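Shown next, in structure tokens, is the structure this report addresses.
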Amino acid sequence: MSNQRDITAQSAQFRPERADWLRLRTLILQRWMASFGQLTALLVATRYYGMQLPLGLCFLAVGLAVIANLIALFIFPQNKRLTELEAMLTLLFDLAQLCFLLFLTGGLTNPFALLVLAPVTVSASALELRSTLILGVLAAAFVTFIGLINIPLRLADGTMFATPGLFSFGFWLSLLIGIAFLGLYSRRVATEMHSMSDALLATQMALAREQKLTDLGGVVAAAAHELGTPLATIKLISSEMMDELKDQPDLAEDARLIHEQANRCRDILRSMGKAGKDDLLLRQAPLEVVLQEAAEPHMARGIKVMFTIAGTGAPPVVLRRPELIHGLRNLVQNAVDFARSTVWVDAQYTPDRILLRIIDDGEGFPPQVLGRIGDPFVRARRDEQDLARRPEYEGMGLGLFIAKTLLERTGAELSFANAADPFLSPEERPARSGAIVEVTWKAADILAGTVGALGENQRFAG
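Heads up, the sequence shown is in the working numbering, so the first residue is 3 and it goes up one at a time.
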């Protein structure tokens, strides 16, 4: 669990604040487009339709947006990223400028009043909730104000353009609903995308960490092999020096010490490279060995982990892919975290398929999150009994997401269930009453030596 929190904390260091995703250049470009559209609408309304508008004030409103853009271009660099306050004030300026122009051109009788939704939608996608609420409330207030008080539109003959009261009320209400709906929907989508991005970053860091550990075994084995020759040379020369320096005890003692230290280095390297002497052991291993390797960091935490391997034919030999080991390790860790006393790791294999079940005797998955397990940052509420039993647990909801993502990269299919009704008393439950995680592979996806695994063998050999 500490490793998982470390990975999450490290990924947070690379994650910018929410507003830092928004570049000033993006808002400047959006404002240029809005200004061009506003000028075009004013010219078409006056030249083509002959409508009577207060053009001086209208051009002033558009000019304010143009001046703001020019100031931003000259003062700030093009790669400027806005802080939360700067982004909110920029969007607030755009909202106020648009509503001022709408006030001059008929208020809600102007069909372009729909554009007040744009700043709120941008805020919901890129800013924090507080900024979005401020802009949303102000947008609703501005819409209400220009709906009640505005300079009416006048046609070419001077007649005032008016809409039925029911239509005006409906348009006002639809704008308020649009502000609320689009704001909530955009924020929900953006939050899910950012959560997924954070979780994938943590997954990539976990995989890179596991890959480094795997590569380290190969480096140790290669070092043990490569250093054997110079050590043999040192031993040979030190032996000859011992024979030649028999009449000089001090120098002979130094030569003997060099000989002994060379032997010691040889023994250390032999022990370090023993496990990785055969390169195949770094790339493939029996299924039971891989399962025990994945569970090993969590077998000394006071929870009994029991392994069962059964099937037809010879026990399978699988690829020791970092994704496979780290994904299984996270599943075992989750089971150990919530188990009372025992975790069962059961594997069944056939020539075509490998099935793995990881079961614990805990409370099982909470029913309210069972359908969402595997999504990032899904956490259940902890009751007082669980807090008292495991006060050190600070799950981030990333462990199962990382495990699911990594194992699916190996071709696995995962399912999550409970072994028994979590509301039964301990006396009424069967022994295996907790959560069940079932992982299924096609044999060709992970077995060493199969056609589907050939590319992975070559990748790890390289």
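Note that the Cβ used here is the ideal one computed from N, Cα and C, for glycine as well. Since the model is a prediction, treat every value here as computed from it, not as a measurement.
Could you give the distance in angstroms between the alpha-carbon of S343 and the alpha-carbon of M301?
Distance between the alpha carbons of S343 and M301: 12 Å.
Whole angstroms are fine: how far does the CA of F173 sit from the CA of I404?
Going from the Cα of I404 to the Cα of F173 covers about 47 Å.
Contact between the region 153 to 169 and the region 71 to 90 is defined here as three or more beta-carbon pairs at a separation below 8 Å; is this criterion met?
Judged by Cβ distances under 8 Å, the region 153 to 169 makes no contact with the region 71 to 90, as fewer than three pairs qualify.
Please state whether the Cβ-Cβ distance between M90 and L137 is less than 8 Å.
Yes, they are a contact pair.
Is there contact between the region 306 to 322 and the region 349 to 362, where contact requires at least three CB pairs shorter than 8 Å?
The region 306 to 322 vs the region 349 to 362: in contact.
Using C-beta distances below 8 Å, list every residue in its chain close to K306, excluding the 5 sequence neighbours before and after it, in chain order.
S343, T344 and V345.
Using the beta-carbon count (16 or more within 10 Å), is D363 buried or exposed?
By the 10 Å Cβ count, D363 comes out buried.
Report the rounded CA-to-CA distance for I448 versus V320, giving the unit in angstroms.
So the two alpha carbons sit approximately 5 Å from each other.
Near A67, which residues of its chain fall below 6 Å by C-beta distance, leaving aside the five closest residues on each side in sequence?
Correct list, in chain order: R33, S37 and Q99.
Output the distance between the C-alpha atoms of V373 and G436, rounded to the nearest integer angstrom.
The sequence given here places Gly at residue 373; Val does not occur at that position. When rounded, the distance between both Cα atoms is 16 Å.
Among V338, L358, S188 and L357, which has the Cα closest to the Cα of G366?
Among V338, L358, S188 and L357, the Cα nearest to that of G366 belongs to V338.
Should D96 go down as buried or exposed, given a rule of 16 or more other Cβ atoms within 10 Å for buried?
The residue in question, D96, is buried, as its Cβ has 16 or more Cβ neighbours within 10 Å.
Taking all protein chains shown into account, do 16 or more other C-beta atoms lie within 10 angstroms of the C-beta of E325, making it buried, or fewer, making it exposed?
Looking at its Cβ environment, which holds 16 or more other Cβ atoms inside 10 Å, E325 is buried.
Buried or exposed: K406, going by 16 or more other Cβ atoms within 10 Å of its Cβ?
Buried is the call here.
Just how far apart, CA to CA, sit I311 and V371?
Their backbone Cα atoms lie some 30 Å apart in a straight line.
How far does the alpha helix (DSSP H) with M244 in it reach, from first residue to last?
Where M244 is concerned, the enclosing alpha helix (DSSP H) stretches over G230 to E246.
What residues are listed by DSSP as bridge partners for P288?
Paired residues: V319.
Among all the DSSP beta bridges, which residues are the ones paired with M162?
Bridge partners of M162: R156.
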